[in-house]
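Number of protein chains: 2
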Amino acid sequence: MQTTKEIINELLVEIFNRILTIEGEALKRQGIKLSMSEIHVLEAINNAKDPSMTSIAQKLGITVGSLTVAVNTLFQKGYIRRYHDEEDRRRVLIALEDKAFQVLRTHDEFHDKMIHAIFEDLKVEEDEVLVQSLRRVAGFFKDYPVSE
Amino acid sequence: MQTTKEIINELLVEIFNRILTIEGEALKRQGIKLSMSEIHVLEAINNAKDPSMTSIAQKLGITVGSLTVAVNTLFQKGYIRRYHDEEDRRRVLIALEDKAFQVLRTHDEFHDKMIHAIFEDLKVEEDEVLVQSLRRVAGFFKDYPVSE
DNA sequence: TCAAATGTTTTGAAGTTCAAATCAAATATA
DNA sequence: TATATTTGATTTGAACTTCAAAACATTTGA
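Chains as they are written, first to last, in the working numbering: chain E, -8 to 139; chain F, -8 to 139.
Laid out in structure tokens, this is it:
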């Protein structure tokens, strides 16, 4: 009999990678020539209250230098544009092009379908205890200090 | 108010990455010069019923070629050894060296502590509904077809 | 003003992964 | 039994992701 810890461990080690693969393959099938990490960058830009390099990099948990590299290619491919903050011209702000919004919409649709399939299979949609527990787990990690 | 889907989405996109980072940093603090993916390879070897290249690569969801590369460096570093299956000399079997068992023990201890901290914080240890739900979620992804 | 701090980019290196080519051993078939 | 095919693994070259350190630009503070 597995303990809760072992199940959580399994989720962390195996499942996460599998989901990334599934989503990556979906992108390919849909003819979208972006990797999952590029999608994550676009998502972070989309959700950013403050769309500056530092702020987005922090959300993604990568260095600003790494983000610059990613943003360079996304710009080349026409998914984003850069502009300077007029208040502070050191700051580079990023905005999504229409092309990016389209891709995010398509990706969200797939993601929703996948989650929907899970719920259909598991019948957990109305499971209030699960919802509460997951919310707490998510909250826990959200606030967990990322030493740096 | 977030929906269950949004919470799951958050878990998938943000939280798992964060956990990988946390665990990776713990390795560094402990003076272990291995990446999380190398740890995953060692774990897969450790748990393998059939410790052959093909079988381990399949568990990890990577190609056998990629695993060969990983195994080469783990061998260089003295964490594993290779030998041929005497029944079928094409097959290469992998075994862990003591060094690897030590690292896995240390890693497991940290992982347990982390999970323990979560449970202490969340008080979900005896939450049977959560356990059942997580088990089903894990099971779902385990069987999800990885098209290849 | 100019030194320090802050925000970003560039660069070089390391790690991960894949696909394709190659090699080695086992199995099937003529 | 020879040899063609299949199966298991390795090698190689390329792409991608990421980081750290150096460099650059702008702002802020003494």
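Beta carbons: idealized from backbone N, C-alpha and C, even for Gly. In this text the structure is predicted, and so the values were computed from the model without any measurement.
For I36/E against I47/E, the beta-carbon gap comes to about 6 Å, under 8 Å, which counts as contact.
Close to G52/E, with beta-carbon spacing below 8 Å, are these residues of chain F in chain order: N8, R9, T12.
The beta-bridge partner set that DSSP reports for H107/E is empty. Rounded to the nearest angstrom, the Cβ distance from F92/F to A17/F is 18 Å, too far for a contact under 8 Å. A residue is called buried once 16 or more other Cβ atoms fall within 10 Å of its Cβ, and K50/F is buried on that count.
In this structure, DSSP gives A86/E an extended state, which the three-state scheme calls strand.
The Cβ-Cβ distance between A61/F and V32/F falls below 9 Å. In this structure, I71/E lies near L87/E, with their beta-carbon atoms less than 9 Å apart. When DSSP states are grouped into helix, strand and coil, I36/E belongs to the helix group. Only residues of its own chain outside the window of five on either side were considered, and among them none has a CB closer than 6 Å to the CB of G56/F. Apart from sequence neighbours up to five positions away, the residues of its chain that approach I13/F with a beta-carbon distance below 8 Å are M105, ordered along the chain. Here E78/E is exposed: its Cβ has fewer than 16 other Cβ atoms, across all protein chains shown, within 10 Å. For the set P42/F, D89/F, S28/F, the Cα lying nearest the Cα of R82/F is the one of P42/F. Annotation for L25/F: L18, V94 place their beta carbon closer than 7 Å to its own, counting only its chain and skipping 5 residues before and after.
According to DSSP, residue pairing for S46/E in a beta bridge does not occur. Partner residues in a beta bridge of Y70/F, as assigned by DSSP, do not exist.
Distance from the Cα of I30/F is smallest, within the candidate group K40/F, T45/F, K68/F, for K68/F. The residue among T97/F, L84/F, H75/F with its C-alpha nearest the C-alpha of G15/F is T97/F. Around I23/F, the same chain offers V94 as residues with beta carbons nearer than 6 Å, after the five sequence neighbours per side are excluded. Inter-residue distance for N63/E and L65/F is about 34 Å (C-alpha atoms, whole angstroms). In this structure, the alpha-carbon of K40/F lies about 55 Å from that of Y74/E. Each residue's CA atom was taken as its position, placing D76/E and T45/E some 13 Å apart. Straight through space, the alpha carbons of L11/F and S28/E are spaced by roughly 15 Å. Rounded to whole angstroms, the gap between the alpha carbons of D89/E and F7/F is 29 Å. Cβ neighbours of L84/F within its own chain (closer than 6 Å, five residues either side excluded): P42, S43, Y74, D76.
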